[in-house]
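Protein chains in written order, with my numbering: chain F, 1 to 272; chain B, 273 to 592.
Okay, structure first, notes after.
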Amino acid sequence: MTRRPAVLLAVVWLSAIAFVVVFAGAVSDYDPLAQNAERRLVAPGGAHLFGTDGFGRDVFSRVVHGGRASLGVAGLSVALAGAVGLAVGTATGYVGGRTDAVVGRVVDVFLGFPFLVLSLMIVVALSPAPVTVAIAIAVSLAPQVTRVARASALAVRSEEYLTVVRSTGAGTVRIVVRHLLPASAPPVVAYLIGAFATALGAEATLSFLGLGVPPPYPSWGRMLQEGSRAYFEAAPWVTLIPGAILSLTIVSCVVVADAVTRRVDDATGGSP
Amino acid sequence: MMRYALHRALLIVPTTVAASLVVFLAMRALPGDVALAILADTPHTIEVREALREELGLNKPLSVQYADWALSMVTGDFGGRSLESREPIRAILARQFPVTALLALYAVAVSIVVGLPLGVVGALRRGRPADRIVELATTGGLSLPIVFTSLLTLWLLLRLFGWSPPIIYSSPTEDLREHVEIMLAPALLLSLPYGAQLARVMRSALVAVADADYTVAARSRGLSELSVVVRHGVPNALLPAVTMIGLQFGTIVSGALVVETVFGLPGIGRGVVHAALARDYPVVQSTVIVLVTLVLATNLIVDLVYTRLDPRVASTGSRR
């Protein structure tokens with residue numbers, strides 16, 4: 001195990017979040033959508049751990065259920081970007097030549113877009129819904145994943161053991177899947193953990209801007225938007241509690257990603 | 273040198289054209305009728321919808337639509353008028369651009385002034401508490417989402433000082449004091465991720481040159497560690513730092529979308545978000561390609577600065 005307390009704390013936090021989100025129904029006492037006109041903007045404590053919002057909805061329940069939307073969208077986008085990026089990056093890195101050059105140019109074009117601007121444009125084109133938000137974030141992530149996967153495949157390609165495997169007459173697909181990927185995938189996986197943090201931030205930002213998960217279903221970003229619009233001064237907890245939980249989750253992912261990257265680099269003797 | 277610069281500058285053209293195709297096609301990928309999607313929330317007659325189709329040029333073939341748009345971007349017309357306000361898009365961009373440009377300038381300046389020294393401190397005190405503090409601070413700066421830090425800052429300002437952002441933006445020539453008041457918090461917030469990244473790049477670059485031959489030689493001449501770092505380390509470590517300033521410029525643009533929205537700055541970032549929410553497709557389309565061109569141009573400028581700093585690049589013609 002790791003000697004760094006920060007990494008341990010991050011893992012504990014992420015496990016807790018994962019547990020709470022998976023068992024959302026059992027953990028929260030209230031329906032996240034149930035409105036209660038008599039209990040509007042109740043301060044945190046007592047019956048409502050995190051207070052209530054302007055519609056009298058329980059903030060704790062909304063944070064717990066909102067986590068499903070936020071983590072779900074982020075997870076889906078990382079899975080999509082990871083699948084596409086790993087496949088394309090590994091293939092072009094291994095094959096090289098003209099294919100590699102063409103794909104490299106395409107990746108460069110997409111990297112010219114500021115992350116959020118690309119996501120925003122795609123959400124507008126596809127209209128806001130959880131799946132389209134995930135696709136929008138995935139499209140923004142995929143070029144970077146491709147680049148990392150390509151570099152990793154390129155580094156492993158000329159290893160001696162691959163020459164040996166090649167000399168046995170193994171097919172390209174077999175070489176890539178059985179021999180190249182096990183060595184070239186770890187840096188990509190480390191990168192994807194960090195990408196998950198990016199995706200979480202992007203989902204929250206898009207939802208905050210009104211371009212994410214549509215109402216009434218909560219997501220952490222939507223809660224930031226709703227809370228900061230109407231009653232930010234009177235009831236800051238509606239905004240700041242989900243914001244703090246979102247931030248802690250993102251920071252934890254980054255800390256874990258850094259630790260994994262360091263470990264992968266140590267193992268492969270890669271860049272400092 | 274001139275030939276290299278020209279070569280690089282020409283390379284930006286196909287990339288920009290490809291990016292404009294991506295933007296154009298994304299805006300046309302909308303499932304169903306664009307005119308219907310725009311008018312979905314308002315009761316309208318078929319004549320109104322047809323007029324809109326006519327104005328957007330939707331009755332023409334795709335290639336003609338693209339050519340029309342590309343031509344209007346090049347001639348400075350920037351794709352006609354806003355659907356929402358009927359204002360020429362050129363006028364909208366001309367109004368918003370200075371706000372975002374100044375904001376980005378301040379944020380980059382703060383990042384350099386704060387981030388570079390932090391990186392030097394981290395490298396000088398490698399492994400000691402000061403280095404750990406720099407690492408902690410940069411992890412926070414890099415990973416805390418701007419959407420949260422902005423809202424938290426806004427709330428603290430409201431709570432502690434009863435301060436809320438001025439409703440009307442003032443340019444530095446109109447009212448410098450008001451300008452500083454409205455720009456200060458957004459610029460500092462924008463510089464958090466960027467400055468943190470810069471500090472990290474600077475630190476690791478300094479650590480990498482710490483064991484280089486010329487550094488060892490300088491040390492053996494009896495120079496103090498500080499002057500070794502400042503005289504020999506920093507100039508060499510500046511190369512990766514300058515690269516990062518260019519490559520990460522998109523971060524500033526992305527962040528501008530958020531801080532401008534939270535603090536009510538009338539810049540391009542808030543503008544494009546507003547246009548997206550209003551389904552003002554012509555404005556979104558033209559603004560996005562302007563932003564992409566800005567990022568590509570920044571990359572080019574940084575690349576040329578890099579060439580000035582490192583003559584090896586121009587002589588080999590490529591840095592890869």
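All C-beta atoms, glycine included, are put in the ideal place defined by N, C-alpha and C.
The beta carbon of residue 352 of chain B sits closer than 6 Å to the beta carbons of 554 from its chain, once the five residues preceding and following it are set aside; these are given in chain order.
For residue 29 of chain F, none of the residues of chain B pass the 8 Å Cβ criterion, the least Cβ distance being about 26 Å. Just so you know, the alpha carbons of residue 242 of chain F and residue 259 of chain F end up roughly 26 Å apart. Residues of chain B with a Cβ closer than 7 Å to the Cβ of residue 10 of chain F do not exist, since the nearest Cβ in that chain sits about 10 Å away.
When C-beta distances to chain B are compared with 7 Å, the residues of the region 107 to 119 of chain F below that value are 108, 109, 112, 113, 114, 115, 116 and 117, in chain order. Beta-bridge annotation (DSSP): residue 445 of chain B is not paired with any residue. Here the region 389 to 407 of chain B makes contact with the region 468 to 478 of chain B; the two share three or more CB pairs at distances below 8 Å.
Contacts with chain F at 9 Å (Cβ-Cβ) do not include residue 516 of chain B. With contacts defined by Cβ atoms closer than 9 Å, residue 544 of chain B and residue 117 of chain F form a contacting pair.
At a cut-off of 9 Å between C-beta atoms, residue 66 of chain F does not count as an interface residue with respect to chain B. For the region 170 to 200 of chain F, the set of positions with a beta-carbon nearer than 7 Å to some beta-carbon of chain B reads 197 in chain order. Residue 187 of chain F sits in a helix when the DSSP states are folded into three classes.
Against chain B, the beta carbon of residue 122 of chain F has neighbours under 9 Å at 298 and 301, listed in chain order. With a 10 Å radius around the Cβ and a threshold of 16 neighbouring Cβ atoms, residue 532 of chain B comes out buried.
In the DSSP annotation of this structure, the continuous segment of the alpha helix (DSSP H) that includes residue 70 of chain F starts and ends at 59 to 95. For residue 430 of chain B, the chain F residues whose Cβ falls inside 7 Å of its Cβ are 233, in order along the chain. As computed with DSSP, residue 52 of chain F is found in a beta bridge with F:58. Residue 389 of chain B: member of the alpha helix (DSSP H) spanning 388 to 396, first to last residue. Taking residue 570 of chain B as reference, the option from B:541, B:378 and B:516 with the minimal CA-CA separation is B:516. Remark: fewer than three beta-carbon pairs, one from each stretch, lie closer than 8 Å, so the region 29 to 48 of chain F and the region 154 to 168 of chain F are not flagged as touching. Residue pairing for residue 353 of chain B: DSSP places it in a beta bridge opposite B:360. Taken in chain order, the unbroken stretches of alpha helix (DSSP H) that lie wholly in the region 2 to 40 of chain F and span 4 residues or more are 5 to 22 and 24 to 27.
By the criterion of a C-beta distance shorter than 6 Å, residue 61 of chain F is surrounded in its chain by 28, 30 and 32, once the five residues flanking it on both sides are discounted. Counting along the chain, no alpha helix (DSSP H) covers residue 552 of chain B, and no H or E run does either. The straight-line gap separating the alpha-carbon atoms of residue 318 of chain B and residue 120 of chain F is approximately 30 Å.
Distance from the Cα of residue 77 of chain F is smallest, within the candidate group F:251, F:221, F:199 and F:263, for F:199. Under the Cβ criterion (8 Å, minimum of three pairs), the region 334 to 343 of chain B does not count as touching the region 357 to 365 of chain B. Taking a contact as a CB-CB distance under 8 Å, the pair residue 310 of chain B and residue 355 of chain B counts as one, their CB atoms being some 7 Å apart. By the neighbour-count criterion, in which a residue is buried when 16 or more other Cβ atoms sit within 10 angstroms of its Cβ, residue 431 of chain B is exposed. Note on geometry: alpha-carbon atoms of residue 458 of chain B and residue 450 of chain B lie some 14 Å from one another. Within 7 Å of the CB of residue 228 of chain F, the CB atoms of chain B belong to 423, in sequence order along the chain. For residue 209 of chain F, the closest C-alpha among the options F:216, F:191, F:262 and F:228 is that of F:228. A buried status is given to residue 122 of chain F, since no fewer than 16 other beta-carbon atoms sit within 10 Å of its beta-carbon. The alpha carbon of residue 183 of chain F has as its nearest neighbour, out of F:55, F:86 and F:75, the alpha carbon of F:86. In this structure, DSSP gives residue 536 of chain B a state outside helix and strand, which the three-state scheme calls coil. For residue 347 of chain B, no alpha helix (DSSP H) run applies, since DSSP gives it neither H nor E.
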